[in-house]
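K.L.:
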Amino acid sequence: MIEALTEWFRNITFLQIIDFVGTFAFAISGIRLASAKRFDWFGAYVVGAATAIGGGTLRDVMLDVPVFWMHDGFYLSCTAVALLWVIIFRKYLINMHSTFFIFDAVGLALFTVVGIQKTIDCGLPIWVGIVMGAMTGAAGGVIRDVLINEVPLIFRKEIYAMACVVGGVVFGLCHIIGMPTMVTHLACGAAVFLTRVLAVKYQICLPTLRPEED
Amino acid sequence: MIEALTEWFRNITFLQIIDFVGTFAFAISGIRLASAKRFDWFGAYVVGAATAIGGGTLRDVMLDVPVFWMHDGFYLSCTAVALLWVIIFRKYLINMHSTFFIFDAVGLALFTVVGIQKTIDCGLPIWVGIVMGAMTGAAGGVIRDVLINEVPLIFRKEIYAMACVVGGVVFGLCHIIGMPTMVTHLACGAAVFLTRVLAVKYQICLPTLRPEED
Amino acid sequence: MIEALTEWFRNITFLQIIDFVGTFAFAISGIRLASAKRFDWFGAYVVGAATAIGGGTLRDVMLDVPVFWMHDGFYLSCTAVALLWVIIFRKYLINMHSTFFIFDAVGLALFTVVGIQKTIDCGLPIWVGIVMGAMTGAAGGVIRDVLINEVPLIFRKEIYAMACVVGGVVFGLCHIIGMPTMVTHLACGAAVFLTRVLAVKYQICLPTLRPEED
């Protein structure tokens, strides 16, 4: 009994750390782009929060389930920490580039897994889960770019949301062959993380659509 | 009994054809604009899907009913076909201009009818139906333009969403005088389609608001 | 009994006047910016409506309660009056600047109070109420700026949404010490209004985040 509790506690803590890392990295990416546009602290906070929780909010509203961040102060607090971080360590952020990239990929992996699992728990088919997983992971970045009035980055740069789709397919395969939930989650998360890291390392892009007059 | 089934089958098929035509045309319009901005395939697919299903998604979320495309793989498949179409026939798209225009007008008509009927089925008054009909028909195009970072076209060009409103008023009149549902739907759809086609043929625009300093 | 009714009538009327004033001012701000972009009447109406009811719509969708404007034709009618007003009095609008500013601040105060109360009525904690109050007051302006393809003003100019947060904190304090609802509402509204007016009078801005290369 005590062992089970300890085990449960360990799992929670590990998940919470990943959740913090991901939320923090997403919020940082929003706040940094807001600072490049000379937003004030409030504007930067909103853009950071939208990046971190926008995808999950869209997912929850579409699934018609309670919006996750309203029931846990963690996410908005985490965004506040990210804002403080950017204010204090502004000049050193550029040196933390690789760290933030890894954090971001970890967040992308976690958010995808959470998005797919939540969708399946609603009784929807796995293909909807894949769509909602990608939305959980990538829609926040799209909302961020809309708010700072730029063309969304993920529609043009290296594979980002496609990594969520790859992870989603892995999730679906594990799901169909009846793997345990924990294994399915780890395999999906690893697929997202690796796809993303390899895509950036080898600059793998999807083909670009050329304008019609070309 | 068999006759009824055949009749039902015919209706379904006809509706499905219109639904395909409309969804396809909407998705194509999103994908073409995305290609003009050199989006990759994924970005183009997202913009195409947002154009095709964005209006209906907004409607369903606001009406608090299940989001339509999550319960029928048809819509996202149809967007995939549209993406393939643009990739393969890129150089010939310009020659299909009139066809796509007609397809788009057909889609606008159908989406308006569906939007109004769904709203009324929720027990909301007809004026809300007219708003939701126009949203179903035209909001996808607005989301598309936001995603490609352009000022929404329908706020400045020929009558587009106003065609939905005209159709909505026709729907309301038929509804009030107690016409059968089928007649109401046909009259509404025809009104949307004709208004749109005539507006483009005769370049009918709404008056423009002039800036205050003029 | 008759006295109670008269009193009730007075309250309603007073609230309705404030509601009209706020909705009108918000709609006007959207329509004026749309006119600067040469939108047509329909586009201007949509932007005006999005400014006036966008924040509340987002709130209601996230809280999963019926969207307020669908159950009361007042808000869309009010936006129509605002459109007529801009069309007719276009050249004199610039002289009404101070009036609109006060109207807008009144609307901001009311919308904040309504947003917080509605959130608390859903059984959510006060900090969610503060977020939703600020969203009710300020998200409409963000949607407006996204639709006209500009960087949202409230992320860079004088204190606007922060006034809602200040009011929200006042609401929370009153709530915790058990003040009557009416007093809580008035104190919150007054805090929003005063913060906004003083911020503009003394040009109080939040600190701006500087770009990293500075």
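Chains as they are written, first to last, in our numbering: chain A, 35 to 248; chain B, 35 to 248; chain C, 35 to 248. Using N, Cα and C, we set each Cβ at its ideal position, and we do this for glycine too. The model shown is predicted, which means the values in this text are computed figures rather than measured ones.
#1: Which residues in chain C sit within 7 Å of A/M104, going by Cβ to Cβ distance?
#2: Would you say C/K191 reaches chain B, if we count a Cβ-Cβ gap shorter than 8 Å as a contact?
#3: Indicate the three-state DSSP secondary structure (helix, strand or coil) for C/D155 in the structure shown.
#4: Less than 6 Å between C-beta atoms, sequence neighbours within five positions excluded: which residues of the same chain meet that for B/P186?
#5: List, in order along the chain, the chain A residues whose C-beta lies closer than 9 Å to that of B/N183?
#6: Below 8 Å between beta carbons: does that hold for C/T40 and C/R93?
#7: Check distances from the C-beta atoms of the segment 69 to 84 of chain A to those of chain C and list, in chain order, the residues that come in under 8 Å.
#8: Who are the neighbours of B/V30 on chain C, taking C-beta pairs under 8 Å?
#9: Would you call the segment 190 to 198 of chain C and the segment 68 to 80 of chain C in contact, with 3 or more CB pairs under 8 Å?
#10: Could I get the ranges of all uninterrupted beta strand (DSSP E) runs contained in the segment 57 to 142 of chain A, with 3 residues as the minimum, in chain order?
#11: Between A/M216 and C/V199, what straight-line distance do the alpha-carbon atoms span, to the nearest angstrom?
#12: For a contact meaning CB atoms closer than 7 Å, what does A/G107 contact in chain C?
#13: Using DSSP's beta-bridge definition, name the partner residues of B/T242.
#14: Could you tell me whether any Cβ in chain B is nearer than 8 Å to the Cβ of C/V176?
#15: Any beta carbon from chain C within less than 8 Å of A/V115's own beta carbon?
#16: Could you tell me how far apart the beta carbons of B/I164 and B/V203 are, in whole angstroms, since I believe they sit closer than 8 Å?
#17: Anyone know if the C-beta pair for C/I182 and C/F134 falls short of 8 Å?
#18: Answer yes or no: do A/A143 and A/V226 have a C-beta to C-beta separation smaller than 8 Å?
#19: Just how far apart, CA to CA, sit A/T85 and A/V140?
#20: In terms of residues, what are the limits of the alpha helix (DSSP H) holding B/R190?
#21: In terms of residues, what are the limits of the alpha helix (DSSP H) holding B/G212?
#22: So with Cβ pairs under 8 Å, would you call A/A195 a contact of chain B?
#23: What does A/D98 touch in chain C if you count any residue whose Cβ is under 9 Å from its own?
#24: Distance cutoff 8 Å, beta carbons only. Does B/C208 sit that close to anything in chain C?
#25: Taking buried to mean at least 16 other C-beta atoms within 10 Å of its own C-beta, is A/H131 buried or exposed?
#26: Indicate the three-state DSSP secondary structure (helix, strand or coil) for B/I160 in the structure shown.
#27: Applying the 10 Å Cβ sphere with the 16-neighbour rule, what's the burial state of A/G149?
#28: Would the segment 105 to 125 of chain C count as touching the segment 59 to 73 of chain A if we require 3 or more Cβ pairs under 8 Å?
#29: Compute the beta-carbon to beta-carbon distance between B/C156 and B/V99, rounded to the nearest angstrom, for a pair I have assumed lies under 8 Å.
#30: Of all the CB atoms in chain A, is at least one closer than 8 Å to the CB of B/T91?
#31: Are the C-beta atoms of A/P245 and some chain B residue less than 8 Å apart?
#32: For a contact defined as C-beta to C-beta under 7 Å, what are the partners of C/L240 on chain A?
#33: Please work out which residues of its chain come closer than 8 Å, Cβ to Cβ, to A/C112, disregarding the five sequence neighbours upstream and downstream, and give them in chain order.
#34: State buried or exposed for A/G88, treating a residue as buried only when at least 16 other CB atoms are found within 10 Å of its CB.
#35: Tell me which same chain residues have a C-beta within less than 6 Å of the C-beta of C/C239, skipping the five on either side of it?
P.N.:
So, from the data block:
#1: L158, V162
#2: no
#3: helix
#4: V176, D179
#5: Around B/N183, the beta-carbon contacts reaching into chain A at under 9 Å are D179, V180, N183, E184, V185, P186.
#6: No, they are not a contact pair.
#7: S69, A70, K71, R72, F73, D74, W75, F76, G77, A78, V80, V81
#8: The first residue shown for chain B is 35 and the last is 248, placing residue 30 of chain B beyond what the model contains.
#9: no
#10: none
#11: Taking C-alpha positions only, A/M216 is separated from C/V199 by approximately 41 Å.
#12: W161
#13: In the DSSP output, where bridge partners are listed per residue, B/T242 has C/D74.
#14: no
#15: no
#16: The Cβ separation is near 7 Å, so the contact holds.
#17: For C/I182 and C/F134, no; Cβs fall outside 8 Å.
#18: yes
#19: 15 Å
#20: From DSSP, B/R190 is part of no alpha helix (DSSP H); its letter is neither H nor E.
#21: Careful: B/G212 lies outside any alpha helix (DSSP H) and carries neither H nor E.
#22: yes
#23: D98
#24: no
#25: exposed
#26: helix
#27: Counting other Cβ atoms within 10 Å of its Cβ, A/G149 reaches 16 or more and is therefore classed as buried.
#28: Segments in contact, no.
#29: 7 Å
#30: yes
#31: Taking Cβ atoms only, chain B reaches closer than 8 Å to A/P245, which makes this a yes.
#32: D74, W75, F76
#33: F54, T57, F58, A61, A86
#34: buried
#35: E192
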